[in-house]
Amino acid sequence: MKYINKEDITRKHDLTVEEVKSFPMFENVTDEQAQEVIRTIRVFVEIALDCYKNQKQKQGKSSDF
119 MKYINKEDIT RKHDLTVEEV KSFPMFENVT DEQAQEVIRT IRVFVEIALD
169 CYKNQKQKQG KSSDF
């Protein structure tokens, strides 16, 4: 398994239409469709982050008992 440096995966900017279209599965989408892909990924990540934060918060509260 290849080690991935955390700094290598931390994005400092939003995903762009050009980046989306650089992947073979998205090379033929329109700019509008690429924007929708970006919005979908953003919503998914926000949901996942909220779930993670809620889980961590519950773990912290349960350990206080």
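Following this note's numbering, the numbering of the sequence shown begins with 119 at its first residue and continues without gaps. Note that the Cβ used here is the ideal one computed from N, Cα and C, for glycine as well.
Exposure of residue i, with buried meaning 16 or more beta-carbon neighbours within 10 Å
i	result
D132	exposed
I152	Per the sequence shown, the amino acid found at residue 152 is Ala instead of Ile. Buried: at least 16 other Cβ atoms inside 10 Å.
E136	exposed
V77	Given a span of 119 to 183 for the chain in the structure shown, any question on residue 77 remains unanswerable.
Member of the options whose CA lies at the smallest distance from the CA of residue i
i	options	result
T148	R160, A166, T134	T134
R129	K176, C169, V163	V163
Same chain, Cβ closer than 7 Å to residue i, neighbours up to 5 away in sequence not counted
i	result
A166	none
Residues near residue i in its chain [Cβ-Cβ closer than 6 Å; skip 5 each side]
i	result
I156	L133
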